[in-house]
Amino acid sequence: MTPYSSFLFFIILGILLLPTMILGTMGKPLRYYNVFVSIVVLAMIFSGGGEGFYSLVIFTILQLVLIKGYISYRQTKNSSLVFYLMSLLSILPLILSKILPFLAVDNWASFLGISYLTFRAVQIIIETRDGLIKQQLSIYQLVNFMLFYPTISSGPIDRFRRFQKDEEKRWTPDEYKELLYKGINKIFLGFLYKFIIGYAINSYFIMNLDYIADGRVSYHLLYMYSYSLYLFFDFAGYTLFAVGVSYIMGIRSPENFNKPFISRNIKDFWNRWHMSLSFWFRDYVFMRFVFLMKKKKWIQNKMLVSNLGYILLFLLMGVWHGLAIQYIVYGAYHALMMTAFNFFENWNKKHKRWPTGKFMTVVSIVITFHVVCFGFYLFSGRPFQ
Amino acid sequence: MDFKEKVLQVIAEVCEDDVVKEEHDLDIFEAGLLDSFATVELLVQFEEQLGINVPITEFDRDTWNTPNAITDRLNELK
Chain A
1 MTPYSSFLFF IILGILLLPT MILGTMGKPL RYYNVFVSIV VLAMIFSGGG EGFYSLVIFT
61 ILQLVLIKGY ISYRQTKNSS LVFYLMSLLS ILPLILSKIL PFLAVDNWAS FLGISYLTFR
121 AVQIIIETRD GLIKQQLSIY QLVNFMLFYP TISSGPIDRF RRFQKDEEKR WTPDEYKELL
181 YKGINKIFLG FLYKFIIGYA INSYFIMNLD YIADGRVSYH LLYMYSYSLY LFFDFAGYTL
241 FAVGVSYIMG IRSPENFNKP FISRNIKDFW NRWHMSLSFW FRDYVFMRFV FLMKKKKWIQ
301 NKMLVSNLGY ILLFLLMGVW HGLAIQYIVY GAYHALMMTA FNFFENWNKK HKRWPTGKFM
361 TVVSIVITFH VVCFGFYLFS GRPFQ
Chain B
1 MDFKEKVLQV IAEVCEDDVV KEEHDLDIFE AGLLDSFATV ELLVQFEEQL GINVPITEFD
61 RDTWNTPNAI TDRLNELK
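For the protein sequence lines, the chains are A and B, in the order given.
Numbered according to full-length UniProt numbering, the first sequence spans residues 1 to 385.
Numbered according to full-length UniProt numbering, the second sequence spans residues 1 to 78.
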């Protein structure tokens, strides 16, 4: 059963979470009962047969061995080679799951949520390397973090140390009531986004575009904007469910969206759209790449370092979505937009040609909106059909 | 120069703005003085000029957001 896809799922979840809510409002610890809920919901999600239950189990065991092994290793030694090898092994299942379909074999490596789970696991290895995780972690802590069911299928991608703080916290009744209120609020806003607005855009507009549009150009233009809005409401709706359910379980999962369509430029957009993913790439790919280049003094030119960083980040992000033409082009498009903006920003810092003020802010927002929508148009795959 | 002044000097150099020396509670990310690229520059400078190694993953924008907060965190890591 795909999470949050049917009202049945919500009804079962509501019944299962009722004791959590009662425990929380009484100020009792939630973690023990939450383990029970997690097992039942995971069983429900992965028992359908098509979600790759066995791959998930093997994947989890592999990650546990890697993480626990690396933490013990890191307590005494710190070789870069071992770190890169461990990181590579950790993302190997994800790489396999993307490549196997091309080899025309059964995609046994894949399971629901593999892309997101991989990020949670690699992140622990990176933070161990940086010396932020020093103590050995228990199997319970790791499994609980990696397989946290509310966010298992499509994120948001939480950070281990942040997650752990919430997980260990004993909320007072008042604090929990606040969480519960916010959680329920988010879930209902999610219904509005995903099942009403997103659904309406898709089934009343996009599905009927053949009759609405009068010509190829207008068809593709209308498709571009309606698909962009649909993508936002569908994904933001899902995220509201995932975050809302997390809150009810006492975990404040990070947000994914912060009014992305009022971004003033493309850089601003990536601080507002799919934030848990873009921040992951920012912290674990872009910044590490720049740091390495600067420290080793391999490349001196600032522009070149940042642009190469953007290109690396967005190409990886594209491929991460899938090894299909539309995702690779989508990544390349955003890499291009970011580097172009980088040049522009640098130029404007010196010459100050771009006027400031309310009117120009609106102009910037409008331009960014169209640039972003064109990106989603590429992402949709429609231009390649 | 005491430690705090040195830290403020490094931040001002990287941000290319002396306002951080005056307003110690200014949120440098909200003010647009620091982006992720400049953040890395800042970490490299902390290591080179102050000899303090701050891992990238340690640098959380919520707790390293103002000149005062950065000085406090660096004091903890010293």
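Built from N, CA and C at the ideal position, the CB exists for glycine as well.
- At least one CB atom of chain A sits nearer than 9 angstroms to the CB of L43 (chain B).
- For the pair P93 (chain A) and T128 (chain A), the CB atoms are not nearer than the 9 angstroms cut-off.
- The C-beta of I70 (chain B) comes no closer than 9 angstroms to any C-beta of chain A.
- In the DSSP assignment, S110 (chain A) falls outside any alpha helix (DSSP H) and carries neither an H nor an E.
- Taking a C-beta distance under 9 angstroms as the contact criterion, L56 (chain A) and I248 (chain A) do not qualify as a contact pair.
- Contact between F257 (chain A) and W273 (chain A) is confirmed by a C-beta separation of about 7 angstroms, below the 8 angstroms threshold.
- For L132 (chain A), the residues of chain B that pass the 9 angstroms Cβ criterion are P55, T57, E58, in the order they occur in the chain.
- An exposed status is given to N53 (chain B), since fewer than 16 other beta-carbon atoms sit within 10 Å of its beta-carbon.
- Straight across, the Cα-Cα distance linking M337 (chain A) with N265 (chain A) is about 10 angstroms.
- Ranked by Cα distance from G198 (chain A), the first of A:L229, A:K77, A:S87 is A:L229.
- Taking G24 (chain A) as the centre and dropping the five residues before and after it, the same chain places the C-beta of L30, W171, Y176, L180, G250 closer than 7 angstroms to its C-beta, in chain order.
- Relative to the Cα of I124 (chain A), the nearest Cα in the group A:P355, A:I114, A:Q141 belongs to A:Q141.
- Residues of the segment 277-294 of chain A with a C-beta atom less than 7 angstroms from some C-beta of chain B are R282, D283, F286, M287, R288, V290, F291, K294, listed in chain order.
- Y330 (chain A) places its beta carbon less than 9 angstroms from that of L378 (chain A).
- For V122 (chain A), the closest Cβ of chain B is not nearer than 9 angstroms.
- The shortest CA-to-CA distance from I58 (chain A) to any of A:A236, A:L231, A:S263, A:L147 is the one to A:L147.
- Of all C-beta pairs linking the segment 77-87 of chain A to the segment 41-57 of chain A, fewer than three are shorter than 8 angstroms, placing the two stretches out of contact.
- With fewer than 16 neighbouring CB atoms inside 10 Å of its own CB, V362 (chain A) falls in the exposed class.
- Minimum Cα-Cα distance from L312 (chain A) among the listed residues A:V245, A:V290, A:I91, A:F102 corresponds to A:V290.
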